[in-house]
Amino acid sequence: MKKFALIAAAAGAFALAGCGSADDASEDAMADTVEMPADEAMADAPDPVADTASDAATEAAATEGAVNATAQEAGDAAVDAAAEAEAAAKAAEAQ
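For the sequence shown, numbering that gives the first Met the number 0 begins at 0 and goes up steadily by one.
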């Protein structure tokens, strides 16, 4: 029973010690963070504006041209390979 009373007294002491504070509650709380100087520096900067028309159209045209050229080259290579295979087959039959 003495152990129980000692544990209860210790728990009460820790509970009361956790409640105490040395801070003055009348002071206004203001969190200082690293973002505060950055916010001040960006206050005079204009808002960003997206440039959508010119860049997107130029990029789309360049991409389409490259795809068409690559497709044409692949088609030409396939025709050449088929012609070579046909010639090799005819040469094999002739022998």
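Glycine is no exception: its CB is placed at the ideal position from the N, C-alpha and C atoms. These numbers come from a predicted model, not from an experiment.
Own chain partners of residue i with C-beta closer than 8 Å, once the 5 adjacent residues on each side are dropped
{"i": "residue 78", "result": "none"}
Straight-line gap, residue i to residue j (C-alpha atoms, nearest Å)
{"i": "residue 62", "j": "residue 56", "result": "10 Å"}
{"i": "residue 93", "j": "residue 85", "result": "12 Å"}
{"i": "residue 66", "j": "residue 83", "result": "26 Å"}
{"i": "residue 71", "j": "residue 88", "result": "26 Å"}
Backbone secondary structure at residue i - three-state DSSP
{"i": "residue 128", "result": "No statement about residue 128 is possible, as the shown extent of the chain runs from 0 to 94 and does not include it."}
{"i": "residue 55", "result": "helix"}
{"i": "residue 49", "result": "coil"}
{"i": "residue 73", "result": "helix"}
Residue i - containing alpha helix (DSSP H), residue span
{"i": "residue 8", "result": "1-18"}
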